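Chains as they are written, first to last, in this note's numbering: chain A, 1 to 451; chain B, 1001 to 1451; chain C, 2001 to 2451.
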Amino acid sequence: MRTPRVESATPVGALPVRVANREFNKLQVEIIREYSPGRFITHNFMSGFTDFDHYKLSKDLDFATWDNYPLGHTLVFLRMKGETKNPFDRVGHPDIISFSHDLYRGVGRGRFWVMEQQAGPVNWAPYNLWPAKGAVRLWTWQAFAHGAEVVSYFRWRQAPFAQEQMHSGLLAPDSAPYPGYHEVKQVFEELKNIDINEPVESEVALVFDYETAWVFSIQPHGEGVNYIDLVFRFYSALRRLGLNVDIVPPGSSLDGYKMIVVPSLAIVEGGGSGHVQKIRRSSRTWPKKRKKTETFQIPPEMPPGLLKEIIPVEVRQVESLGDNVETLVWNGKEYPVSIWREDVDPTITEVIARFKDGFGAIFRKENVFYLAFWPNGDFLVDFFEALSKESGIETKRMPEGVRIQRRGEYVFSFNFTSEEVDLEIPTKVQIVLGDQKIPPYGLLIWKENER
Amino acid sequence: MRTPRVESATPVGALPVRVANREFNKLQVEIIREYSPGRFITHNFMSGFTDFDHYKLSKDLDFATWDNYPLGHTLVFLRMKGETKNPFDRVGHPDIISFSHDLYRGVGRGRFWVMEQQAGPVNWAPYNLWPAKGAVRLWTWQAFAHGAEVVSYFRWRQAPFAQEQMHSGLLAPDSAPYPGYHEVKQVFEELKNIDINEPVESEVALVFDYETAWVFSIQPHGEGVNYIDLVFRFYSALRRLGLNVDIVPPGSSLDGYKMIVVPSLAIVEGGGSGHVQKIRRSSRTWPKKRKKTETFQIPPEMPPGLLKEIIPVEVRQVESLGDNVETLVWNGKEYPVSIWREDVDPTITEVIARFKDGFGAIFRKENVFYLAFWPNGDFLVDFFEALSKESGIETKRMPEGVRIQRRGEYVFSFNFTSEEVDLEIPTKVQIVLGDQKIPPYGLLIWKENER
Amino acid sequence: MRTPRVESATPVGALPVRVANREFNKLQVEIIREYSPGRFITHNFMSGFTDFDHYKLSKDLDFATWDNYPLGHTLVFLRMKGETKNPFDRVGHPDIISFSHDLYRGVGRGRFWVMEQQAGPVNWAPYNLWPAKGAVRLWTWQAFAHGAEVVSYFRWRQAPFAQEQMHSGLLAPDSAPYPGYHEVKQVFEELKNIDINEPVESEVALVFDYETAWVFSIQPHGEGVNYIDLVFRFYSALRRLGLNVDIVPPGSSLDGYKMIVVPSLAIVEGGGSGHVQKIRRSSRTWPKKRKKTETFQIPPEMPPGLLKEIIPVEVRQVESLGDNVETLVWNGKEYPVSIWREDVDPTITEVIARFKDGFGAIFRKENVFYLAFWPNGDFLVDFFEALSKESGIETKRMPEGVRIQRRGEYVFSFNFTSEEVDLEIPTKVQIVLGDQKIPPYGLLIWKENER
């Protein structure tokens, strides 16, 4: 019998302990700044790690960096979801990689590096393939497209001894170049003709909140309730539509975005400077639930608490579904829903979609939508596509494993599949690297002359 | 590699430690009786818990109570058996629920309450659905049908804080009624016209023995060897035939029962007051094996030891089968058998069914039968039906998820499925609640005028 | 998420601790020899246990013995490989059994006993069947065919008490014979006419190295990387071709063998007395990789290190594949490859087979072959068959579950299946036991008159 931990004996005590990391980091930063002034200070963060609030800790750093190991990260992420198929085994899933680029760009207030870039087979994942031919070049360009200032490879030469002796680098233990070395050299040459110093600008802001990750982790209520999984579903759907995404903390300015996506916000602070005022001022929002007070309680006004100011819904009951499947009907189409569902009072706000058993699913007030369930990717793509059309945001469904990203005047197209892709591109563009027929694990860069 | 524990280094020492609980309870009861006389004393027991002898501990209590959480109990029970399908996800399996009603009625010497009745989604199972509409009413009536004196709900109002903040009650944290509240109110009204104070009377006695559960647990010998699973197979088959079942301890009077079922009896005490004499005096019995002496040894006369006085069989070898399947042939039909099989000397007693590979399976002497294997539900239904017919016990095959139970002059029919059931009922009865077409999660009560 | 340990923080420190067992054993042997001279000293080893170097420890013993429990060993081995089907549930897989016979014959420098032979159902495996009728006789003859001097059964009489009360023996607790007793008696009679004192002689030497097992265990690099699994694939393929196999330590004399198989050799010692010189002098070899130096490092000359003297290949990269499947093409046929693959420099030595994606798979220089991957059984049978034909070694594909073994002038054929086998045998032989139609779990022994 499996006995997952889906409740916690002292949930309120579990919150503050996650805050201490920032203080420790700050102490170290102050010492370095005093005795070694004039240098930048950063830290290399990890993929899918939420044990402390990276936004807050990074306020004391000059910029953020992270360690990008696409093969292991993809394998570990898919296994967490119980998936056994992995069509991206030798290259990694493009959205799992770029989610961290976009997150750490937000954490670094626009500035980030890749501190450790996988350059060949490593030693720590459940199994460790060598990357596909071209993957190291692809990852490097992808990092730059998402705003990286530096891509640094781990490591220069594979050590023949100790724990990491099976972790390859750019050079073999005998100093002969590995395949990744040649790919890095190729990027070095290609970069000479492409000036990519402009910042990334995005149509969409996705609110990612570490406190919410903690609330999910402390009392998940059911198997599969995982904040990273939820956020990634929203993020990946937006990327499948060709949209640039900024990942931002709650409470940050949301001015200028055409769409704001809030996968979940567990603890909502009040007051004029709080999340609610920020979200209220922005034009289009899809917030989800606020479930807890700052002391880990159900708020007295019932969830979603203060978010009711933005969309007047009231969550009466919740259920965790596990693998159980309920059927959502939206826009004449059916979608399976598992993991989580809410029983929202249907009398307050317009119900625009229901479950087959009658419970309300999607609620709308003007340009604000509330999803009372754990949506899957196919629904989100259809839903975001329809809403984008309604509000004049241009989208384009990307083929499986193909992604685009805009930085400055450049548009980057990445082919993470093992097949050539014949990409449909705008007519009046100037190709600066590659070809419209993108080879396996290849890329294409163009300038949008008329954008 | 899985390494289940199927043996124990000191089995004899593992028995007595399970006895101490009763002494501790008795000490507390004596203190309460001395300083707070005139009050009843009880304890709320759990589903599927066998770590102490509930019969013996309850001798010091006034009656038994238990905590009835149908959704979580059903999910946990099915997972223990490795089953992934759960058609009773929003209501629970009727037999998993009523097994505890019937067991604690026996533990309470005829008197029991439901101390905590699930009233909405809870927080501790692997995942936690909200119950089907009607389920809280169904569970309440089911408890009364099986003899409960009181059904008490957990809890009045959902607490908005601490560990159980996601455990619902009759009222939400804001004191608005949850769906379960209205169902309880409905039962309250319905009860005004139905007088259900008579005791439950049963055709069948099923001997449930905590000591046997311990022996199975200390040295299971193979995967899947679990006493609760074995007993439940017998219990559920009897219920599928529409029979009322009393669950009784070994050594209790068996007078008046038309059938006695002993799924297993590991340690059989001798003497005129022992189990054997009780069973010997009763009319129809299906005892199974006696495998151990009181000091956890194989008895010198070989199993089933003293039970040989009732049916002269001798177990020569046993094997645990795990998922391996052997084929039983009985009455011209084949049945798969896994988990456990015995090699019984076929020369002493009549062999009325064999395995395809020749080993004896069912042994008979007069009205006593010995099953030398771990039977599955479909076999047991066929077998009990045939034997009931032979001895004039009336049975009726119930549809999947539909059950009947008699208490006094009332017959209760419960529909635990999501479909309407058109139940065939006797012609001359007086319907006191509901209709012959029982709606999903509904019930029907009639009086048997001519019984 | 599964998190297998595929790396080790201090690999170099993990090697020496495995050496201490021998010293402890030696101390005990010296005490016994001093105070109880003139007696043989041995130890009963286990199946699939590699935590110390059995060759070295046994140098202080007079001969080796081991404990043969075919049902549990087969079940545990198949589960380690993730297999759920077990057609050998009541008899064990013949190669899993004989692998230990051949290994401990090598460990005992030609002399070994079976110290504990399973004689009925036992009590410690995940589940414990009783053996098929004939299995105890089959196991006993198989042991003699592979060179056992003594087969001793565990145990004479089943104890009715304590931990092993469910572990059967030759006699039941009441001293009545179990089925195994009669089978042992039958072998006792059969042995009167068959003189089997000659040593086993084999065409093939398979180098089994405990140090390599440790290296695999300390840093496996990926799921499924298990030395016993790798070696067993080679061993079983040879047995499926009807070949006698000696299992020998690295550094032993390889004179007289027609084929030498080295599944893997992780640490290769240099010098004239080292492994390399021994292998170099032998006629036909299929060595695999040398990956580490004596201090657990990648050798400076890159793998396979000193083995380059035998076959000049250079491993540039390795990858662990897990369940990923790459396709090997050899001799016009495709084979799936998982778990492990190497990127070997294809410019030095002839590439005689490649993967579909272009990487070299099999390398050849004269009569030496290098396999740069984790081969499966079907490939190895085809491969060894072709190479045997090329070099005049006679092979014969055995049916599933049927095996032959030669000892002295006798040829033993064993039927481990539940069906009769009509074995094709040479025309001019003298049958000394059994018949050409071998019954289920039966055997046939003939003398090769003209061999």
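Glycine included, C-beta positions come from ideal geometry on N, C-alpha and C.
Computed from a prediction, not measured in an experiment: that's the story for all the values here.
(message) Rounded to whole angstroms, what is the Cα-Cα separation between A:Ala386 and A:Asn367?
(response) Approximately 13 Å between the Cα atoms of the pair.
(message) Does chain A have any CB closer than 8 Å to the CB of C:Ala2145?
(response) No - not a single Cβ of chain A is within 8 Å of the one on C:Ala2145.
(request) Compare the Cα-Cα distances from A:Glu183 to each of A:Asp209, A:Glu164 and A:Leu138 and report the closest residue. (result) Ranking the options by Cα distance to A:Glu183, first place goes to A:Leu138.
(message) Against chain C, with Cβ distances strictly below 8 Å, would B:His1054 count as a contact?
(response) The beta carbon of B:His1054 sits no closer than 8 Å to any beta carbon of chain C.
(request) Would you identify the three-state DSSP class for A:Asn128, choosing helix, strand or coil? (result) DSSP places A:Asn128 in the coil class of the three-state scheme, outside both helix and strand.
(message) Does B:Leu1444 come out as helix, strand or coil in the three-state DSSP assignment?
(response) The answer is strand: DSSP assigns B:Leu1444 an E or B state.
(request) Return the CA-CA distance between C:Gln2028 and C:Arg2109, expressed in angstroms with no decimal places. (result) Annotation: C:Gln2028 to C:Arg2109 spans about 21 Å, alpha carbon to alpha carbon.
(message) Once DSSP output is grouped into helix, strand and coil, what is the label at A:Ile431?
(response) Assigned with DSSP and collapsed to three states, A:Ile431 falls in strand.
(message) Looking at the secondary structure, which residues open and close the beta strand (DSSP E) in which C:Val2325 lies?
(response) Note, C:Val2325: beta strand (DSSP E), Val2315 to Trp2330.
(message) What would DSSP say about A:Val19, mapped onto helix, strand or coil?
(response) Three-state result, A:Val19: helix.
(request) Decide if A:Gly38 is buried, meaning its Cβ has at least 16 other Cβ atoms within 10 Å, or exposed. (result) Under this definition A:Gly38 is an exposed residue.
(request) Output, in chain order, the set of chain C residues within a Cβ distance shorter than 8 Å of A:Gln163. (result) Near A:Gln163 (Cβ distances below 8 Å), the residues of chain C are Glu2007, Ser2008, Ala2009, Thr2010 and Pro2011.
(message) Suppose only complete runs of 3+ residues qualify. What are the beta strand (DSSP E) ranges in the segment 43-114 of chain A, listed by chain order?
(response) Runs of beta strand (DSSP E) with 3 or more residues, each lying fully within the segment 43-114 of chain A, are found at 64-68, listed in chain order.
(message) Given this structure, state the Cα-to-Cα distance separating C:Gly2092 from C:Trp2141, to the nearest angstrom.
(response) Within the model, the alpha-carbon separation for C:Gly2092 versus C:Trp2141 is close to 14 Å.
(message) Any contact between the segment 2006-2013 of chain C and the segment 2058-2065 of chain C? By contact I mean 3 or more CB pairs, one from each, below 8 Å.
(response) By the Cβ test, the segment 2006-2013 of chain C is not in contact with the segment 2058-2065 of chain C, since fewer than three Cβ pairs between them sit closer than 8 Å.
(request) Note the first and the last residue of the continuous beta strand (DSSP E) segment covering A:Ser383. (result) At residue 383 of chain A the sequence reads Phe, which differs from the Ser that was named. Judged by DSSP secondary structure, A:Phe383 falls outside any beta strand (DSSP E) and instead within the alpha helix (DSSP H) spanning Gly377 to Glu390.
(request) Name, going along the chain, the residues of the segment 2063-2094 of chain C whose beta-carbon falls closer than 7 Å to a beta-carbon of chain B. (result) Here the close residues are Val2076, Arg2079, Met2080 and Asp2089.
(request) Kindly say whether B:Asp1174, judged by its beta-carbon, lies nearer than 8 Å to any beta-carbon of chain C. (result) Chain C has no Cβ within less than 8 Å of the Cβ of B:Asp1174.
(message) Measuring CB atoms only, is the segment 2324-2341 of chain C touching the segment 2369-2386 of chain C, in the sense that at least three cross pairs come out at less than 8 Å?
(response) With the cut-off at 8 Å, the segment 2324-2341 of chain C and the segment 2369-2386 of chain C touch.
(message) Considering only DSSP beta bridges, list what C:Leu2371 is partnered with.
(response) C:Ile2362.
(message) So with CB distances below 7 Å, who are the chain E contacts of B:Asn1021?
(response) Among the protein chains of the structure shown, namely A, B and C, there is no chain E.
(request) Report yes if the C-beta distance between A:Val76 and A:Gln117 is below 8 Å; otherwise report no. (result) Going by C-beta atoms, A:Val76 is not nearer than 8 Å to A:Gln117.
(request) To the nearest angstrom, report how far apart B:Pro1287 and B:Val1318 are at their CA atoms. (result) Because B:Pro1287 sits at a pLDDT of 46, beneath the cut-off of 50, its placement in the model cannot be relied upon, and the following sentence gives the value as read from the coordinates. Whole-angstrom Cα-Cα distance: 17 Å.
(request) Sort A:Pro126, A:His221 and A:Gly120 by Cα distance to B:Gln1163 and report the nearest one. (result) Answer by Cα proximity: A:His221.
(request) For C:Asn2157, write down the residues that DSSP places opposite it in a beta bridge. (result) Note that residue 2157 of chain C is Arg in the sequence shown, not Asn. Answer is C:Leu2171, bridged to C:Arg2157.
(request) Work out the CA separation of C:Glu2400 and C:Ile2097 for me, nearest whole Å. (result) Straight through space, the alpha carbons of C:Glu2400 and C:Ile2097 are spaced by roughly 15 Å.
(message) Please tell me whether A:Gly305 and A:Pro299 are closer than 8 Å, where the distance is taken between their beta carbons.
(response) Yes.
(request) Could you tell me whether the Cβ atoms of C:Val2245 and C:Phe2208 are closer together than 8 Å? (result) For C:Val2245 and C:Phe2208, no; Cβs fall outside 8 Å.
(request) Take every Cβ of the segment 122-129 of chain A, pair it with every Cβ of the segment 250-268 of chain A, and state whether three or more of those distances are shorter than 8 Å. (result) The segment 122-129 of chain A vs the segment 250-268 of chain A: no contact.
(request) Count the other CB atoms, across all protein chains shown, that sit within 10 Å of the CB of C:Gly2358; report buried if there are 16 or more and exposed otherwise. (result) Under the 10 Å beta carbon count, C:Gly2358 is surrounded by fewer than 16 other beta carbons and is classified as exposed.
(message) Within 10 Å of its beta-carbon, does C:Val2017 have 16 or more other beta-carbons around it, so buried, or fewer, so exposed?
(response) Within a 10 Å sphere around the beta-carbon of C:Val2017 sit fewer than 16 other beta-carbons, which makes this residue exposed.
(request) Could you check what DSSP says for B:Glu1183 in three-state terms: helix, strand or coil? (result) If DSSP states are grouped into helix, strand and coil, B:Glu1183 belongs with the helices.
(request) Check distances from the C-beta atoms of the segment 2219-2235 of chain C to those of chain A and list, in chain order, the residues that come in under 8 Å. (result) Hits within the stretch, in order: Gln2219, His2221, Gly2222, Glu2223 and Gly2224.
(message) Please identify, using Cβ separations under 8 Å, the residues of the segment 2343-2356 of chain C that lie next to chain A, in order along the chain.
(response) Those residues of the segment 2343-2356 of chain C that come within reach of chain A (Cβ to Cβ, closer than 8 Å) are Asp2343.
(message) Cutting at 6 Å between CB atoms, please list the residues of its own chain near B:Tyr1456, excluding the five before and the five after it.
(response) Beyond the ends of chain B as shown, which are 1001 and 1451, falls residue 1456 of chain B; an answer cannot be given.
(message) Less than 6 Å between C-beta atoms, sequence neighbours within five positions excluded: which residues of the same chain meet that for C:Asn2086?
(response) For C:Asn2086, the CB contacts under 6 Å within the same chain, skipping 5 residues up- and downstream, are Leu2078 in chain order.
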